[in-house]
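Structure record follows, encoded as structure tokens.
Residue numbers (this note's numbering), protein chains in the order written: chain A, 1 to 163; chain B, 1001 to 1701.
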């Protein structure tokens, strides 16, 4: 698989990749608002465990979601390397700002849209709705996430039933 | 070098609208008996600066119009002219007209020349009122001149004007005998009365006027063709001509079809009676004449689009100078503290630690104050909305012949700018309703043993974590039986359903519901209240009606504080900090575990002065596990009230009171039960604001 940027720019998108339990994930860079270090959040009562709480982001109250817990991966204590990726999510006509906790940020990649493979169908057991597709980079698989679907406020609320 | 003037337009328009508002409130406060020259001065200044500004920017139509107003006001100011109610009414009409013109220009629409010309004419008539005899032909000439003027500005208006001739009305051929004037009749008076019925157009026929030397000034040599437009019965017209019946020949015909009358205006010989083209000195500005309605229809669609366009534009905010002064002061303090700290840091030694700490504490305080006052800028007193209502009440009550005073209470309650903008339309609707349906006619009021003058009270205050706006009238109240039977008749309610009083009142919010026997152009079409409720709900509030037949109605609008500042008590539960709205706290009590009584093994109650109140353990309800668990043995009970119910919240500790700005959790997340919002504490961390009514509901469940 080639990593060269194709001359046809309109078919190339940039993705921010990050690490989560040893796996690489990617999100569209245009959705990323900022990346910040982990800091203590205010817990919101009676919410799913993966909603860590809310953070004051220069005056707006932003919910923070732990992707490890969201994806039912083993829990990992937050370290100084732990980052929060603040994303701008579109839902209908509204825009939401949410943060996701990741182990570490890796790289920004230019990915040709043609090189994105469709997410395989794992049957009903594994939910692939939040995947935009897969991309192979340096022989490693990167899971590209569809942020709008992943962090849809309705989904965030009713997620327990899926796990 | 040319400067792009359009960059200043926005400011100009804002200033104009502000000036208009000042003029309007000035005109409304003018007391006929005792004229305060300062008020007139204010009004005059408003008109003057609009005139100046519009001249500068090349809006000549506005400038010319304001010039006339200014002239009139100038004479009033100098005491050369008495301030009369009709004159004030005309001026108020002019303020409306100016506002229309300016909005039109602002949105790059054409100015509605017909209405401008009408108001201009009215103004000129007032202006020439005293001196008409001296320069008699002037009003006529100016009127047409002004119409020509305006046509130049916006040529496409002409068509609209010919359309409006297809209205119902009467055509009167009036040919008085020579001795009409000798019998003491004055045609001018007749015409004035006609004009009161509808819009009057006069065409003078002066063929029979003899040469100057043969002219007998006491003879009436002229005849008129009159046209009155409006919904008038033939009897009304005949009544006016009753007095001259034997002294003239006349023919009254209904205006069946559109007849375009040629605008015959001839220079007339100086014969006094013939020359004055009468015009009602004070055409009722409120009256919705069909003509205006028609032209407005096409325009209102226009303006709807425009409105959508304008909202997209950057909005600006007017801030009380006091607030800005405080802000500047605070910034000054911050700068001083910063330089002091800089000085400490420059040659730092350990003995300066105390100084450093003091400086940091100061900085912290200033920054927090600064933050607070910046947030305060968004808050506007509700008087921004309320100030428009005296005019509304003035206009409508005089139109309805009712006597009504409007009382404003709590005008200084601060509301977020967004609420101020959005609450206006629902309030207008509700006040119109009160004026039209609520308050009875003076005679009926006296018969019911109430004071002749009705009262509408508009009240705003903060309560229970809400901003409450109440519209209280002492009118006839809602008739439950009538509402119910109407609802059954319309099929909105099943016949045998038993409804509570509250549910019955709620019926008026149903679409298509109206009990008014007669539709008026003020209210009663049954399309309003459901829209009002929807608007208020879209603001996240609710609306409530309390009414007593014969005594009056209170409509209370509760708006959430999502946008407002709130006084809060911060409480600690484990490591968490929550804010309890101060308004809902009744008292706080230090307790130990033993003071709580278990009920049926599960619920807990606390006995407070012979009353058992349910206790909510915040640790339990919010799943807080952090902090010192022994704390749960003793704590603080915060007695709160929500929706009329009392309950106790068991927390670990009371921390402090502070003003907090409400941040919506929903903006980025969703509603959380028991939490009405979030705020940011002085240390930058987030704290959740408790939704007391929600918790109370929870405790009852």
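Beta carbons are placed, not taken as given, at the ideal position from N, Cα and C, and that holds for glycine.
- Residue range 1234-1240 is occupied by the alpha helix (DSSP H) that includes residue 1240/B.
- Under the criterion of beta carbons closer than 8 Å, residue 1467/B and residue 1559/B qualify as touching, at roughly 5 Å.
- For residue 1606/B, the secondary structure class from DSSP, reduced to helix, strand or coil, is strand.
- If you ignore the 5 residues before and after residue 42/A, its C-beta comes within less than 6 Å of the C-beta of 53 and 54, all in its own chain and listed in chain order.
- Taking the C-beta atoms as reference points, residue 1095/B is found no nearer than 8 Å to residue 1104/B.
- Residue environment: residue 1127/B is assigned as buried (16 or more neighbouring CB atoms within 10 Å of its CB, all protein chains considered).
- One finds nothing in chain B with a Cβ atom closer than 8 Å to the Cβ of residue 50/A; even the nearest lies about 13 Å away.
- In this structure, residue 106/A sits near residue 18/A, with a CB-CB distance shorter than 8 Å.
- Cβ neighbours of residue 1408/B within its own chain (closer than 6 Å, five residues either side excluded): 1386 and 1458.
- Using a 10 angstroms sphere on the CB of residue 25/A, the tally of other CB atoms reaches 16 or more, which defines it as buried.
- The beta carbon of residue 1326/B lies closer than 6 Å to those of 1373 in the same chain, with the five residues before and after it left out.
- In the three-state reduction of the DSSP assignment, residue 1094/B falls in the helix class, which pools H, G and I.
- With fewer than 16 neighbouring CB atoms inside 10 Å of its own CB, residue 1324/B falls in the exposed class.
- With the criterion set as a beta carbon lying under 8 Å from some beta carbon of chain A, the members of the region 1665-1682 of chain B are 1665, 1667, 1668, 1669, 1670, 1672, 1673, 1674, 1675, 1678 and 1680, in sequence order.
- Boundaries of the beta strand (DSSP E) around residue 36/A: 32-37.
- Fewer than three pairs of CB atoms, one per stretch, sit closer than 8 Å, so the region 1566-1579 of chain B makes no contact with the region 1494-1508 of chain B.
- For residue 1698/B, the nearest beta carbon of chain A is not closer than 8 Å to its own beta carbon.
- Residue ranges of uninterrupted alpha helix (DSSP H) with 4 or more members, entirely inside the region 56-123 of chain A and ordered along the chain, are 67-70.
- Looking at the backbone, the Cα of residue 1083/B and that of residue 1043/B are separated by about 13 Å.
- Here DSSP, grouped into helix, strand and coil, assigns residue 130/A to coil.
- Burial state of residue 1669/B is buried, judged by a 10 Å Cβ sphere holding 16 or more other Cβ atoms.
- Taking 8 Å as the threshold, the shortest C-beta distance from residue 80/A to chain B does not fall below it.
- For residue 1584/B, the nearest beta carbon of chain A is not closer than 8 Å to its own beta carbon.
- Neighbours of residue 1687/B in chain A, taken as residues at a C-beta separation under 8 Å, are given in chain order as 42.
- Taking residue 150/A as reference, the option from 11/A, 113/A, 27/A and 56/A with the minimal CA-CA separation is 27/A.
- Contacts with chain B (Cβ-Cβ distance below 9 Å) from the region 68-94 of chain A involve 89 and 94, listed in chain order.
- For residue 1399/B, the uninterrupted alpha helix (DSSP H) run begins and ends at 1389-1400, by DSSP.
- Chain B has a Cβ within less than 8 Å of the Cβ of residue 97/A.
- Using a Cβ-Cβ cut-off of 8 Å, residue 1548/B does not count as an interface residue toward chain A, since no Cβ of chain A sits closer than that to its own.
- Here the alpha carbon of residue 1554/B sits roughly 7 Å from the alpha carbon of residue 1470/B.
- In this structure, the alpha-carbon of residue 1200/B lies about 20 Å from that of residue 1087/B.
- The C-beta distance from residue 1169/B to residue 1198/B rounds to 6 Å, short enough to fall under 8 Å.
- Contacts with chain A at 8 Å (Cβ-Cβ) include residue 1684/B.
- Taking 8 Å as the cut-off, the Cβ atoms of residue 1241/B and residue 1180/B do not count as close.
- For the C-beta of residue 55/A, the chain B residues within less than 7 Å are, from N- to C-terminus, 1686.
- Per DSSP, residue 1126/B lies in no beta strand (DSSP E); the unbroken alpha helix (DSSP H) holding it starts and ends at 1113-1128.
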